[in-house]
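Here's the structure, in C-alpha cells; my notes come after.
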Amino acid sequence: MSSRFFLVLILSLLSFSNARAFTPAPAPEHTEQIPTSPDYRSVNGYYYGLQFSPEWGGGLFLGLDISNRIINLTPTALSPGHVPELSLDDFRNGLRFTRTRGFDAALGPNGFLESAEDWGKWTPFVGLMPVYGRRSTSSQYVSDHQQMSDLPKLKVPGAPTDLEQWNLNDWLVYETTGGVMFHGGSGSTVLAAAELRFMAAGEWSVAIEKTGIRTVYVRIGKKNIQSFTQIIGALTVVIDNNLFQNKDESFSYSFDLDDPEALVAYHYMLGGNLLPAEELSVRATGAVRAVASTKSKGAGRLTTLRFGFPFFSYTGKTKGRIQISQLRAEHADGSESSVESGIHLNERATGGVLLIQRRTVNDFIATSAVTKNKEQVVTQNTYSGEFVWAYENEKASYKRVRKQLDKIVAQTGLRDELAVIIPNVPLGYFQTSLRVLIDEKTTNELIEASRDRLSDDGGVRSLSSSFVQQYFADGDDKDRLCGRIHRIRGSLARCARKLEKDTGAALKEAAVWLQEMENAKRASNRRAFVAAYAAAGKFLFANQFTVKATLALLRNRPPAIQFAVAGERVSLLKKTIEQKITIP
Numbered sequence: 039m040s041s042r043f044f045l046v047l048i049l050s051l052l053s054f055s056n057a058r059a060f061t062p063a064p065a066p067e068h069t070e071q072i073p074t075s076p077d078y079r080s081v082n083g084y085y086y087g088l089q090f091s092p093e094w095g096g097g098l099f100l101g102l103d104i105s106n107r108i109i110n111l112t113p114t115a116l117s118p119g120h121v122p123e124l125s126l127d128d129f130r131n132g133l134r135f136t137r138t139r140g141f142d143a144a145l146g147p148n149g150f151l152e153s154a155e156d157w158g159k160w161t162p163f164v165g166l167m168p169v170y171g172r173r174s175t176s177s178q179y180v181s182d183h184q185q186m187s188d189l190p191k192l193k194v195p196g197a198p199t200d201l202e203q204w205n206l207n208d209w210l211v212y213e214t215t216g217g218v219m220f221h222g223g224s225g226s227t228v229l230a231a232a233e234l235r236f237m238a239a240g241e242w243s244v245a246i247e248k249t250g251i252r253t254v255y256v257r258i259g260k261k262n263i264q265s266f267t268q269i270i271g272a273l274t275v276v277i278d279n280n281l282f283q284n285k286d287e288s289f290s291y292s293f294d295l296d297d298p299e300a301l302v303a304y305h306y307m308l309g310g311n312l313l314p315a316e317e318l319s320v321r322a323t324g325a326v327r328a329v330a331s332t333k334s335k336g337a338g339r340l341t342t343l344r345f346g347f348p349f350f351s352y353t354g355k356t357k358g359r360i361q362i363s364q365l366r367a368e369h370a371d372g373s374e375s376s377v378e379s380g381i382h383l384n385e386r387a388t389g390g391v392l393l394i395q396r397r398t399v400n401d402f403i404a405t406s407a408v409t410k411n412k413e414q415v416v417t418q419n420t421y422s423g424e425f426v427w428a429y430e431n432e433k434a435s436y437k438r439v440r441k442q443l444d445k446i447v448a449q450t451g452l453r454d455e456l457a458v459i460i461p462n463v464p465l466g467y468f469q470t471s472l473r474v475l476i477d478e479k480t481t482n483e484l485i486e487a488s489r490d491r492l493s494d495d496g497g498v499r500s501l502s503s504s505f506v507q508q509y510f511a512d513g514d515d516k517d518r519l520c521g522r523i524h525r526i527r528g529s530l531a532r533c534a535r536k537l538e539k540d541t542g543a544a545l546k547e548a549a550v551w552l553q554e555m556e557n558a559k560r561a562s563n564r565r566a567f568v569a570a571y572a573a574a575g576k577f578l579f580a581n582q583f584t585v586k587a588t589l590a591l592l593r594n595r596p597p598a599i600q601f602a603v604a605g606e607r608v609s610l611l612k613k614t615i616e617q618k619i620t621i622p
C-alpha cells in the first residue's frame with residue numbers, strides 16, 4: 039500500500055458531511071411525543087479514503103442513525119402559585135417509545151491526479167460513488183418501563199389481525215435512499231484536506247399509523263435531493279458549507295382493513311400503485327378515504343463547525359437558513375393550503391461512541407399560509423413567527439439539565455416562569471422545550487411598535503438601556519451574563535455598557551428586517567416576508583434584553599409562550615406562560 043495511507047486519516051477527519059440534504063423527516067400526524075424541534079437534520083456520514091497505487095484508490099462513506107426516545111406520559115400535578123415538581127418513575131399513563139435505526143453507505147473508486155510522495159505536498163483526488171440508505175422509525179405505546187425490554191418491533195401489517203400487536207397511535211416509517219455522490223479535493227500529509235461533494239439522490243418513504251381497531255393511516259412519499267458541500271479541515275477541526283435543494287411529493291389515505299377491497303388497495307399502495315385506493319375513495323363507501331396530498335420544495339445553506347474525532351467523540355454547531363414552499367390539498371373538504379416557511383437555524387450537537395448523544399436548538403421559524411376552499415375562494419390568509427428552544431439528552435443528569443435550563447433563563451430572563459423542581463438522580467432520556475408563538479395580530483403589532491420605538495437611535499438606546507440598567511440595579515449579575523454567557527471581563531459597569539451596546543445593535547438589526555417584512559407584505563411577496571421574519575427573529579431573541587424589549591413592545595397583545603419537559607423517568611410537564619413586561 040502506498041505511503042499516502044495518510045488519506046485514511048485526513049479524509050476521516052472530514053467526517054461530518056451529510057449523506058442526505060437537510061429536510062423535514064416524514065412522521066405521521068397525531069403523535070404524543072413532544073417534538074423538540076422540526077427536524078432538518080440528516081444522518082452524519084464518515085468518509086474514508088485509501089490509496090492502493092500512485093494513480094487510484096477507493097472511498098467509503100458510512101453513516102449510522104441509532105436513537106431511542108422514551109417519554110413518560112404521566113402528567114405533572116400543577117398547583118397555582120407553586121413551582122411545578124416533576125415526579126419520578128410514575129408510569130400510570132404508560133410511555134411512548136420511539137426508536138430509529140438507519141444507515142447510509144457509499145463505496146466507489148478514487149483517482150489521484152498526480153503522484154506526491156513528499157511530506158506536506160497536496161495530492162488532488164476525485165471519485166464517484168453510488169449512495170444507498172435505509173431507515174426505519176417506530177413509535178409504540180407501552181404500559182410500563184419493563185415492557186420495553188420485551189417489546190416486539192413493529193412490522194408492516196399485512197392483514198387486519200396483524201394490527202392486534204399495535205396500540206392506538208403506534209406508527210412506523212420506512213425510508214429508502216438511492217443516488218450518486220461525486221467528490222473531489224486535495225489532501226496532504228500534514229493532516230489537512232479540502233473537498234467538494236455533490237450528491238443527487240431519490241428517497242422513497244412509507245408511513246403507517248394505527249388510527250382504529252382495524253383502520254390505518256398510510257402516507258407514501260418520494261423526494262428528489264441535490265446537495266453541494268464545501269469541506270475543509272485540519273487535524274480535529276472541520277468546517278463544511280452545505281447548499282441543498284429538494285422536491286418531494288406525498289399522498290395519504292385511510293384504510294379499513296376489514297374491507298377486502300380496501301385491503302387489496304392497501305397492499306397496492308405499499309407497492310407504489312395509488313390507483314386502486316383512489317378509485318375506492320371516489321366511491322365514498324368509507325372503506326378507503328383520501329386524506330391529503332402535498333408537494334413541497336426546499337432550499338437552504340448551512341454552515342457547520344465541528345471538533346473531535348469521527349465515531350468516537352465530537353461536538354458541532356450548525357447555523358444557516360432554510361426556505362420551504364408547500365402545497366397541501368385536503369381531500370375531505372376540497373380545500374387547498376399554500377405554506378411558505380423561512381427558518382433561521384442555530385443548533386449544537388454532541389455525540390460519538392465515547393460521548394452521550396445530546397442536542398440543543400435555538401431556531402426561529404416564520405410561516406405564511408393561504409387556504410382556499412374547493413371553489414378557490416380564500417378562506418384564510420395568515421402568518422406567524424415562532425421562537426423554538428429545545429434540549430434533548432439520551433442519558434441526562436440533573437447537573438447537565440439544570441445547566442441548560444440556566445442558559446435559556448439567561449437568554450430570555452424568564453427565571454420564575456421556567457422554574458421547575460427536577461429530581462437529582464440519573465434521568466435517562468430527557469427533553470425540554472420553550473416555544474414563543476407570535477400570531478398574525480401580534481406580528482402586526484410588533485411591526486407597528488418597532489416603527490414607533492425602534493425607528494431612531496435614541497429610542498433604541500433608551501429601550502436597551504432601560505432593561506440592562508434594571509437587571510444590574512441591585513449590583514448583582516444573577517444570571518452570570520458577564521462571565522459565563524457573554525464572556526465580558528472587567529467590572530459590572532463595563533459589562534453593562536457592553537450589553538447595552540450589543541442589545542441596541544440587535545434591536546436596530548431587528549427593526550431593519552421588520553421593515554423588510556412590511557415592504558414584502560405590501561408587495562404580497564410571501565417568500566420574502568418569511569425570509570425577513572426569520573432574520574428578524576434571530577435578533578429579537580438574541581439575549582434576554584432583546585426578549586424583554588420584544589415582550590414589552592407586545593404588552594397589549596403578548597405572544598403565547600409554552601414550556602414543556604418530558605423524559606424517560608420524569609413526569610410530563612406542559613405549561614402555558616402568561617408574561618406581560620412593561621418598559622422600566
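If you're matching positions, the sequence shown starts at 39 in the numbering used here and goes up one per residue.
Glycine included, every Cβ here is placed at the ideal spot set by N, Cα and C.
May I ask you to list the residues that DSSP assigns as paired with S174? Answer is R139, Y212, bridged to S174.
Environment of K32 [buried if 16+ CB atoms lie within 10 Å]: Not covered by the structure: residue 32. The range shown for the chain is 39 to 622.
Look up Q364 in the DSSP assignment and give the residues it is bridged to. S334, V377, per the DSSP bridge assignment.
Under 6 Å Cβ to Cβ from L611, same chain only, skipping five residues before and after it: list those, please. These residues qualify, in order along the chain: T114, P122, V603.
Closest by C-alpha distance to L133, when choosing among G310, R564, K410, S177: Looking at the Cα atoms, S177 is the closest of the given residues.
Kindly give me the distance between the Cβ atoms of S422 and F567, rounded to whole angstroms, as I take these residues to be in contact under 8 Å. About 11 Å separates the two Cβ atoms, so there is no contact after all.
Determine which residues share a DSSP beta bridge with M219 and list them. Beta-bridge pairing links M219 to M167, M237.
Go through its chain and collect everything with a Cβ distance to S105's Cβ below 6 Å, but skip five positions before and after it. The beta carbon of S105 sits closer than 6 Å to the beta carbons of T138 from its chain, once the five residues preceding and following it are set aside; these are given in chain order.
Given 8 Å, three or more beta-carbon pairs between the region 340-355 and the region 385-399: Cβ pair count under 8 Å is three or more, so yes.
Taking the C-alpha atoms as reference points, what is the distance between Q507 and G217? Distance between the alpha carbons of Q507 and G217 is about 57 Å.
Give me the DSSP bridge partner(s) of E424. In the DSSP output, where bridge partners are listed per residue, E424 has I403, L475.
State yes or no: is the C-beta of I648 within less than 8 Å of the C-beta of F289? The structure shown has nothing for residue 648, since the chain only spans 39 to 622.
Over the uninterrupted beta strand (DSSP E) stretch that includes W94, give me the two end residues. According to the DSSP assignment, W94 belongs to the beta strand (DSSP E) that extends over 94-110.
With 16 other Cβ atoms within 10 Å as the buried cut-off, status of E616: That one is exposed.
Three-state secondary structure assigned by DSSP to A322: Here A322 sits in coil by DSSP.
Determine which residues share a DSSP beta bridge with P147 and list them. P147 is bridged to G96.
Exposed or buried, which one is G120 when buried takes at least 16 other CB atoms within 10 Å? It should be pointed out that residue 120 corresponds to His in this sequence rather than to Gly. Exposed.
8 Å is my cut-off, CB to CB: does G216 come that close to chain C? Absence of chain C from the displayed structure is noted, only one protein chain being present.
To the nearest angstrom, how far is the alpha carbon of G165 from that of E317? Computed Cα separation, rounded: 47 Å.
Would a C-beta distance cut-off of 8 Å place Y306 and A315 closer than the cut-off? Yes, Cβ-Cβ distance for Y306 and A315 is below 8 Å.
In angstroms, rounded to a whole number, what distance separates the CA positions of A245 and D512? Note on geometry: alpha-carbon atoms of A245 and D512 lie some 56 Å from one another.
P113 - DSSP class collapsed to helix/strand/coil: Three-state DSSP puts P113 in a strand.
If you run the structure through DSSP and keep just helix, strand and coil, what is T588? Note: T588 maps to helix in three-state DSSP.
Three or more beta-carbon pairs under 8 Å between the region 574-581 and the region 406-416, yes or no? For the pair of segments examined, the region 574-581 was found not to touch the region 406-416: the number of CB pairs separated by less than 8 Å stays below three.
What are the partner residues of L133, as DSSP defines its beta bridges? Note: L133 sits in a beta bridge opposite N110, V180.
Would you list the residues sitting across from S623 in a DSSP beta bridge? Since the first residue shown for the chain is 39 and the last is 622, residue 623 is missing from the structure and cannot be characterised.
Indicate the three-state DSSP secondary structure (helix, strand or coil) for F567 in the structure shown. Secondary structure of F567 (DSSP, three-state): helix.
So the candidates are L589, F266, N462; which of them puts its Cα closest to the Cα of M237? Selected option, being the one with the closest Cα: F266.
Between Y509, V276, L206, A574, which has its C-alpha nearest R344's C-alpha? The closest CA to that of R344, considering only Y509, V276, L206, A574, is found on V276.
Helix, strand or coil, according to DSSP, for Q71 in the structure here? In this prediction, Q71 has a pLDDT of 37, which is less than 50 and means its spatial position is unreliable; what the coordinates show is noted afterwards. Coil.
Three-state class that DSSP yields for Q395 in the structure shown: Coil, per DSSP.
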